[in-house]
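See below for the structure under consideration.
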Amino acid sequence: MTSDQQPLKRVLVTGGAGYIVLSIDNHHNSHNYALDRVSRIALDALPANASKEERDSATVDDHLGDLTKAEDVRKMFEQYGKGGIWGVIHVAAHKAVGESGEIPLVYYQNNVSATVLLLQIMDEYDCTRFVYSSSATVYGIPPHIPIPETSPLKAESCYGRTKIVSEGLYNPVAQPNRWRAISLRYFNPAGAHPSGLIGEDPRGRPGNLLPLLSQMAIGRVKDKVLKVFGNDYPTRDGTCVRDYLHVMDLAAGHLLALDALDPGSIDKQSWASIPALHAAPALKTPAAAERHDVFRDMKPKEGKFRAFNLGTGRGQSVLEIVEAMKKATGKEFLTEVIGRRLGDVPDLTADPALAEKELGFSAPQPLEVMCRDLWNWQSKNPEGYDTKPANGQS
Ligand code: WQD
Numbered sequence: 001m002t003s004d005q006q007p008l009k010r011v012l013v014t015g016g017a018g019y020i021v022l023s024i025d026n027h028h029n030s031h032n033y034a035l036d037r038v039s040r041i042a043l044d045a046l047p048a049n050a051s052k053e054e055r056d057s058a059t060v061d062d063h064l065g066d067l068t069k070a071e072d073v074r075k076m077f078e079q080y081g082k083g084g085i086w087g088v089i090h091v092a093a094h095k096a097v098g099e100s101g102e103i104p105l106v107y108y109q110n111n112v113s114a115t116v117l118l119l120q121i122m123d124e125y126d127c128t129r130f131v132y133s134s135s136a137t138v139y140g141i142p143p144h145i146p147i148p149e150t151s152p153l154k155a156e157s158c159y160g161r162t163k164i165v166s167e168g169l170y171n172p173v174a175q176p177n178r179w180r181a182i183s184l185r186y187f188n189p190a191g192a193h194p195s196g197l198i199g200e201d202p203r204g205r206p207g208n209l210l211p212l213l214s215q216m217a218i219g220r221v222k223d224k225v226l227k228v229f230g231n232d233y234p235t236r237d238g239t240c241v242r243d244y245l246h247v248m249d250l251a252a253g254h255l256l257a258l259d260a261l262d263p264g265s266i267d268k269q270s271w272a273s274i275p276a277l278h279a280a281p282a283l284k285t286p287a288a289a290e291r292h293d294v295f296r297d298m299k300p301k302e303g304k305f306r307a308f309n310l311g312t313g314r315g316q317s318v319l320e321i322v323e324a325m326k327k328a329t330g331k332e333f334l335t336e337v338i339g340r341r342l343g344d345v346p347d348l349t350a351d352p353a354l355a356e357k358e359l360g361f362s363a364p365q366p367l368e369v370m371c372r373d374l375w376n377w378q379s380k381n382p383e384g385y386d387t388k389p390a391n392g393q394s
């Protein structure tokens, strides 16, 4: 039982070793070391008088598994039986906008077919609380900036289309009295845990801007010049604008979404006791205390399904990101403008008002802090999770 005598809830995180408890991950783009370190952070966060069960619950069970294989997913649920897993945070996905255009069927298999299978098996095992990692790329080229959740869903990339289809899967499934589902449309997560213990470490050369700059600065990526994919967009400096939010604020958004699935199910004290989230002021927003039933306005026939933007409302261009990383790392970055990248859109800046009002979410940490924490992680782990630690710990 947790400190407030509520039964512990088991939550499965797919892709748990990627970037952001039970985890199932094929480590296609992640490292199992990450989960050892997540457990270390969670254990360090527990109060000295924590019960054995609370200490056990702080350890993430890492299940190496492939979400496209029914036997792997069913084995996970079978282990805990019907009702044994309270809910799922489904993060696992391929997520590179450009790459998705080159291998679309792999993206549909990994992002859509795997989600269908997961939902089917969740339903079999009475696991009906679902937080889905969606993406701002569902909005394509939106009619208005900043982008509200009511903006039309018409992705410009295969990746974005897999997210639209996946969101649509469980809306019909989310029968009013059985399922509750929340889609979190991530804008651009950035930064790292302030301890420098966990951070972004994609397999191979990073496709995303910030981890690429970080690895160039530490010398892990040998390129001396950043290729800028186009400077002829209708933006303030011609390069694409994105809404970067601190990954710790993004993590807090997931706790707030889990709580919104069954209001009050995660007691506030246990959140406050997790220094891992201390860097995420989202949990300190006053609105967080006055949460209400986010499904209260659903019509009787509608599934209990909501979608929220997780962003800051502040957009930064590619060139502004380069400048911010120059300041954070003290390194120079040469840039060379080349052609546009397939699937890129001019501006993805969130209107974050709905998540702030309904979930009590906020993402106030500025770009400087994201770049500082990213560089702290990279400097302490020059080779990512494969860095040979001085003290022998993984
Ligand atoms: C940012 C900008 C590039 C690399 C990511 C995730 C996606 C989603 C949103 C969660 C773009 C430019 C990049 C380079 C460049 N997150 N760029 N040179 O494409 O917005 O998508 O965040 O769902 O999953 O992939 O992020 O970092 O790839 O690109 O000029 O070498 O930087 O053109 O304008 P993106 P990114």
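Residues in the sequence shown are numbered from 1 upward in steps of one, following the UniProt record's numbering. Where a beta carbon is used, it is the ideal one built from N, C-alpha and C, also for glycine.
Classification of residue i by the beta-carbon crowding that lies within 10 angstroms, buried from 16 upward
i: alanine 257; result: buried
i: glycine 253; result: buried
i: alanine 70; result: exposed
i: asparagine 381; result: buried
i: proline 211; result: buried
i: isoleucine 85; result: buried
i: asparagine 177; result: exposed
i: glycine 339; result: exposed
i: histidine 292; result: exposed
i: residue 401; result: The chain is shown from 1 up to 394; residue 401 falls before or after that span and cannot be answered.
i: alanine 48; result: exposed
i: aspartate 223; result: exposed
i: glycine 199; result: buried
i: leucine 119; result: buried
The ligand WQD heavy atom lying under 7 Å from the CB of residue i
i: threonine 201; result: With the sequence shown as reference, residue 201 is identified as aspartate, and threonine is not the correct amino acid for it. Every heavy atom of the ligand WQD is 7 Å or more from the Cβ of aspartate 201, so no.
i: tyrosine 186; result: yes
i: alanine 136; result: yes
i: phenylalanine 333; result: no
i: valine 13; result: no
i: lysine 52; result: no
i: alanine 328; result: no
i: leucine 342; result: no
i: arginine 242; result: yes
i: glycine 207; result: yes
i: leucine 258; result: no
i: phenylalanine 229; result: yes
i: valine 112; result: no
i: leucine 226; result: yes
i: leucine 367; result: no
i: alanine 355; result: no
i: alanine 92; result: no
i: leucine 212; result: yes
For residue j and residue i, the rounded distance between their alpha carbons
i: glycine 238; j: glycine 230; result: 8 Å
i: leucine 250; j: alanine 92; result: 15 Å
i: serine 133; j: asparagine 110; result: 14 Å
i: glutamate 156; j: alanine 181; result: 25 Å
i: glutamine 316; j: lysine 75; result: 43 Å
i: serine 50; j: leucine 374; result: Sequence inspection shows alanine at residue 50; the serine mentioned does not correspond to that position. Approximately 31 Å between the Cα atoms of the pair.
i: tyrosine 108; j: lysine 301; result: 29 Å
i: glycine 87; j: tyrosine 125; result: 11 Å
i: phenylalanine 77; j: isoleucine 41; result: 26 Å
i: glutamate 383; j: leucine 209; result: 18 Å
i: glycine 168; j: valine 11; result: 22 Å
i: aspartate 72; j: arginine 203; result: 22 Å
i: threonine 14; j: histidine 90; result: 5 Å
i: leucine 197; j: alanine 190; result: 15 Å
i: methionine 122; j: proline 234; result: 44 Å
i: residue 401; j: methionine 298; result: This structure gives no information on residue 401, because the portion of the chain shown stretches from 1 to 394.
i: glycine 98; j: glycine 81; result: 40 Å
i: leucine 359; j: serine 151; result: 19 Å
Own chain residues within Cβ distance below 8 Å of residue i, not counting five before or after
i: leucine 354; result: Pro148, Glu149, Phe308 and Asn309
i: alanine 363; result: Leu245, His246, Asp249, Leu250, Gly253, Ala282, Leu310, Gly311, Thr312 and Pro352
i: glycine 219; result: Pro382
i: valine 116; result: Leu169
Chain-order list of residues whose beta-carbon lies under 6 Å from that of residue i (same chain, five-residue window excluded)
i: cysteine 371; result: Ala324, Met325 and Ala328
i: serine 214; result: Leu374 and Gln378
i: residue 407; result: No answer is possible for residue 407: it lies beyond the span of the chain, which begins at 1 and ends at 394.
i: phenylalanine 295; result: Lys304
i: isoleucine 145; result: Asp347 and Thr349
i: glycine 101; result: Cys158, Leu342 and Gly343
i: tyrosine 186; result: Ser135 and Leu310
i: alanine 217; result: Thr329 and Lys331
i: glycine 160; result: Thr137 and Val138
i: valine 337; result: Val228 and Asn231
Residues near residue i in its chain [Cβ-Cβ closer than 7 Å; skip 5 each side]
i: threonine 335; result: Val225, Leu226, Val228 and Val322
i: isoleucine 164; result: Val138, Leu153 and Ala155
i: leucine 140; result: Looking at the sequence itself, residue 140 is glycine, so the reference to leucine does not match. Closer than 7 Å at the Cβ level, and outside the excluded window around glycine 140, lie Lys154, Ala155, Glu156, Gly160 and Val345.
Task: Contained beta strand (DSSP E) runs [length at least 3] in the stretch 145-198, N- to C-terminal order - done: 180-186 and 188-190
Task: Residue ranges of each alpha helix (DSSP H) within the stretch 210-236, 4 or longer - done: none
Open item on the list: Please give me, in chain order, every unbroken run of the beta strand (DSSP E) with length at least 3 that falls completely inside the stretch 63-136.
Closed with: Those beta strand (DSSP E) runs which fall completely within the stretch 63-136 and span 3+ residues are 87-90 and 129-135.
Task: In chain order, each beta strand (DSSP E) run of at least 3 residues that lies wholly inside the stretch 328-377 - done: 334-338
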